[in-house]
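Those protein sequence lines, which keep their order, are chains G and R. Going by our numbering, the first sequence opens with residue 982, and the numbers climb by one from there. Going by our numbering, the second sequence opens with residue 982, and the numbers climb by one from there. Presented below is the structure to which this report refers.
Protein chains: 2
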Amino acid sequence: MTLNVSAQRAGIALTERQKIAWLRLIRSDNVGPATFRDLINHFGTAEAALEALPDLSRRGGSDRTFRIATVADAERELETAHRFGAAFIGIGEPDYPPALREIDGAPPLIAVKGNVRAATRPSLGIVGSRNSSVSGAKFAAMIARDAGAAGYVITSGLARGIDTAAHRASLRTGTIAALAGGLDQPYPPENIGLLQEITSGEGLAISEMPFGWEPRARDFPRRNRLIAGASLGVTIVEAANRSGSLITARYAADFGRLVFAVPGSPLDPRCHGANDLLKQGATVTTSSADVLEALAPLTQDDLLTRLDIKEPTIENTRAAPAAPDDSERNRIMEALGPTPVEIDDIIRHTALSASQVHLVLLELDLAGQLCRHGANLVSLLPNE
Amino acid sequence: MTLNVSAQRAGIALTERQKIAWLRLIRSDNVGPATFRDLINHFGTAEAALEALPDLSRRGGSDRTFRIATVADAERELETAHRFGAAFIGIGEPDYPPALREIDGAPPLIAVKGNVRAATRPSLGIVGSRNSSVSGAKFAAMIARDAGAAGYVITSGLARGIDTAAHRASLRTGTIAALAGGLDQPYPPENIGLLQEITSGEGLAISEMPFGWEPRARDFPRRNRLIAGASLGVTIVEAANRSGSLITARYAADFGRLVFAVPGSPLDPRCHGANDLLKQGATVTTSSADVLEALAPLTQDDLLTRLDIKEPTIENTRAAPAAPDDSERNRIMEALGPTPVEIDDIIRHTALSASQVHLVLLELDLAGQLCRHGANLVSLLPNE
């Protein structure tokens, strides 16, 4: 089976000026992907959102200097990326990984280096134990080789063990290394050579973090989210209990992606996590055919086709809504508390417009006072 | 968790004379469990069936000497069993394994030696590879030990490897060895000592084959059927493709019993069969708790309770039906052919009574001309 990898690449192309505005917005304090999307939805463009940021954060109660990335900051990062041979791709742009575009909280911009066409092909994630067994690494390589031959790009995390085996086996067919830090801060050090092989050939390195960002422990789950989000399915080979690979599997399941787990001896702690995934309904995977047969229908009918006909709507030109007055703002504050509440319930309870409620939530978010639980649940963070 | 193992033991008790008649009937030519049951259903008692046998087989077209076991044959086998310290238990008798009673084609009589109370307790089957790995044997022993402590008797096949590990780990809590040959013909020879430990302690050996019967290759699937039939669930630890353990698992699934499979490396051929079972929906088993939690509801509500209130109906006293005449017999013959056909369809097609159709089928069966496919499908065997 060979996939049709020449998916039509439709969508917007950001101008240089837009890209600078997007980069400034996502690099500003308290602006994550969800807040970014809400800001664009409210203000129409990143530039308009940037203009509104100081007022929004102040009204939300920000009591310290709220840092907004400057044009100079963004130009410096673009220049660094350029010198490094990297580029930024905005969500909605044709080279943005199509599967990643679909997830809740997809990064608005990713930095990429290497063969950018790899990002547009259907991806299989392969992750697993850093201290893998010889047979585990061999199995991961077999799946990567066969899926690569079938037209999939293999996405993994550049870690030791299974990740390394999966990348190496798909160097020639195409592999994506998702990094937890900036593109110029690969981890672990012993895989810097592998990363160079990836980015100088058919492969691609991707990151949502700024250049220069050294990965901390808490950045790795976000990297795992990137692997799961970019892939139609994820294969877990040898994962211990509470391992990062299980986080990747959890994200994949949350995103409605396929989860493949390779069975192993119950007496080998390296296999406990994957066996547990099997108990939770992951696909029992003992051959490449198990993976390829399950993925095949997705590449034909589902994600890719759907994406080809979908126009990005993120950069529309809606006028900024009128800001609510103090009494309205108070009603929203009263509806919020430490217990998560649905945004729709706040709208009903306050009888205010959705855009007014979302605006106040944005203010609180930017001021670091709001906690988002999934797409529609919010709570107030306790005052420190 | 400890099971209530003092299940009420209700049911018939065969008289010595009945037992001899049953033994004669099941040891006669072409009488297997299904034919035995049909004969009893038609003629009411084994003695009446024995009287009818010569005519039935002749009418079915038996062209050779049809051997009916004599009273002397049966008395000799009973005497052999007695000297050997063994006994026969009839289906419907209180010591007959309750789960085995429920299967299609349950043996009407089983020979037993050892602690016969073991047969009445809820059973977990544990089977697997003869050339098991150290960790496979260790895992089987762990399951056997924990299930034994929880009140289950462990049923297995006395084979090398996994079977041996399962029996040994449950010697003190109770284990059943199902043999493919006669009770006095254990296999393999190196496990004769283990069998003696089993039958002299809390365990039991069971067989549906005559004393003196040396097991042939084709007797082992029948032994596997006994293991599956006697158990509420079967755990498969390390089974290669096309192994006997998979036959046991197939029977267990057919009988509606639970199938537990222990995952293992896809690169280890010993694990291929068990992994395939997982793909087919067997319970992923990585701990004793996986088995015990799934079995617990069965021991409380299902099989055992149901059996306690069920009276055996096999030895009823229905009058023998009138034999069909030649024209009626021809109509039935014409409805039969080499392609399996449903008995109900024959009844509808010939417009004869069910008992007449069943009688002619019995005749053909006894004459070795009928092939039964499950409970309700029959075909004619080609003439040799």
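We put the beta carbon where it would ideally sit given N, CA and C, even for glycine.
Chain-order list of residues whose beta-carbon lies under 6 Å from that of residue i (same chain, five-residue window excluded)
i: G/Ala1348; result: Ser1038, Gly1041, Gly1042 and Ser1043
i: G/Gln1177; result: none
i: R/Phe1196; result: A small fix is needed here, since residue 1196 of chain R is Pro in this sequence, not Phe. Excluding positions up to five away in sequence, the list reads Ala1161, Gly1162 and Tyr1168.
i: G/Asn1011; result: Leu1347 and Gly1349
i: R/Ala1140; result: Arg1111
i: G/Ile1328; result: Ala1335 and Val1338
i: R/Leu1020; result: Ala1030
i: R/Gly1254; result: Ala1220, Ala1221, Asn1222, Ser1224 and Leu1227
i: G/Ala1332; result: none
Cutoff 8 Å; reference residue i; Cβ partners in own chain excluding five residues on either side
i: G/Glu1058; result: Leu1004, Arg1008, Pro1191 and Phe1192
i: R/Gly1142; result: Gly1109, Ser1110, Arg1111, Asn1112, Ser1113, Gly1117, Ala1118 and Glu1219
i: R/Gly1182; result: Gly1095, Asn1096, Leu1152 and Arg1153
i: R/Gly1355; result: Asp1085
i: R/Leu1358; result: Pro1321, Val1322, Glu1323 and Ile1324
i: R/Ala1068; result: Ala1062, Ala1092, Val1093, Lys1094 and Val1097
i: G/Ser1212; result: Ala1080, Ser1104, Leu1105, Gly1106, Thr1136, Ala1233 and Arg1238
Whole-angstrom distance between residue j and residue i, CA atom to CA atom
i: G/Glu1292; j: G/Thr1266; result: In this prediction, G/Glu1292 scores a pLDDT of 33, lower than 50, which makes its location untrustworthy; the coordinate-derived value is nonetheless stated afterwards. Near 36 Å, if we compare the C-alpha coordinates of G/Thr1266 and G/Glu1292.
i: R/Asp1036; j: R/Ala1118; result: 53 Å
i: G/Ser1185; j: R/Arg1206; result: Correcting the residue identity first, residue 1185 of chain G is Leu in this sequence and not Ser. Going by the C-alpha atoms only, they are around 55 Å apart.
i: R/Ala1198; j: R/His1339; result: 32 Å
i: G/Pro1305; j: G/Gln1337; result: 6 Å
i: G/Ala1220; j: G/Ala1159; result: 18 Å
i: G/Ile1187; j: G/Ile1157; result: 7 Å
i: G/Ile1091; j: G/Gly1073; result: 11 Å
i: R/Ala1027; j: R/Ala1147; result: 38 Å
i: R/Ala1055; j: R/Phe1065; result: 15 Å
i: G/Val1052; j: G/Ala1062; result: 15 Å
i: G/Gly1225; j: G/Asp1200; result: 11 Å
i: G/Ala1303; j: G/Thr1280; result: 44 Å
i: G/Gly1214; j: G/Ala1234; result: 9 Å
i: G/Thr1180; j: R/Val1240; result: 48 Å
i: G/Leu1285; j: G/Tyr1077; result: Confidence at G/Leu1285 is low in this model, with a pLDDT of 47, below 50, so its placement is unreliable and no value can be given for it.
i: R/Pro1079; j: R/Ile1313; result: 36 Å
i: G/Ile1217; j: R/Glu1171; result: 42 Å
i: G/Thr1101; j: G/Val1134; result: 9 Å
Secondary structure of residue i, DSSP reduced to three states
i: R/Ser1360; result: strand
i: G/Phe1120; result: helix
i: G/Leu1090; result: strand
i: R/Ser1151; result: coil
i: G/Glu1189; result: coil
i: G/His1135; result: A quick correction: the sequence has Ile, not His, at residue 1135 of chain G. Note: G/Ile1135 maps to strand in three-state DSSP.
i: R/Phe1069; result: strand
i: G/Leu1105; result: strand
i: G/Arg1353; result: strand
i: G/Thr1286; result: Legend: pLDDT at G/Thr1286 = 42, less than 50; position of this residue unreliable, no value from coordinates given.
i: R/Leu1248; result: coil
i: G/Asn1011; result: coil
i: R/Ser1226; result: helix
i: R/Tyr1077; result: coil
i: G/Ala1329; result: The sequence given here has Arg at residue 1329 of chain G, not Ala. Helix.
i: R/Asn1112; result: coil
Bridge partner(s) assigned by DSSP for residue i
i: R/Thr1264; result: R/Phe1241
i: R/Glu1323; result: R/Leu1358
i: R/Ala1159; result: R/Ile1187
i: G/Thr1216; result: G/Ile1107 and G/Phe1241
i: R/Gly1095; result: R/Leu1185
Close-in-space but distant-in-sequence residues of the same chain around residue i (CB under 7 Å, 5 per side omitted)
i: R/Gly1174; result: none
i: G/Ile1361; result: Residue 1361 of chain G is actually Leu in this sequence, not Ile. Excluding residues within five positions, the ones whose Cβ falls inside 7 Å are Leu1317, Gly1318, Pro1319, Gln1350 and Leu1351.
i: R/Phe1017; result: Leu1006, Ile1007 and Pro1089
i: G/Ser1246; result: Cys1252
Any non-hydrogen atom of the ligand SAH closer than 7 Å to residue i Cβ
i: G/Ala1030; result: Absent from the structure shown: the ligand SAH. Ligands present: none.
* Would you list, in chain order, the members of the segment 1211-1243 of chain G that have their beta-carbon closer than 8 Å to a beta-carbon of chain R? => Under the 8 Å Cβ criterion, the segment 1211-1243 of chain G contributes Val1243.
* **Interfacial residues, the segment 1187-1211 of chain G to chain R, with Cβ spacing under 7 Å** => Result list empty, no residue passes.
* To do: Identify each residue in the segment 1118-1133 of chain G for which the Cβ-Cβ distance to at least one residue of chain R is less than 8 Å, and report them in chain order.
  => For the segment 1118-1133 of chain G, the set of positions with a beta-carbon nearer than 8 Å to some beta-carbon of chain R reads Lys1119 and Phe1120 in chain order.
* Asked: For the segment 1262-1273 of chain G, which residues have a beta carbon sitting closer than 9 Å to at least one beta carbon of chain R?
  -> Within the segment 1262-1273 of chain G, the residues whose Cβ lies closer than 9 Å to some Cβ of chain R are Thr1264, Val1265, Thr1266, Thr1267, Ser1268 and Asp1271, listed in chain order.
* Asked: What residues in the segment 1079-1093 of chain G bring their beta carbon closer than 8 Å to a beta carbon of chain R?
  -> Taking 8 Å as the Cβ-Cβ cut-off against chain R, none of the residues of the segment 1079-1093 of chain G qualify.
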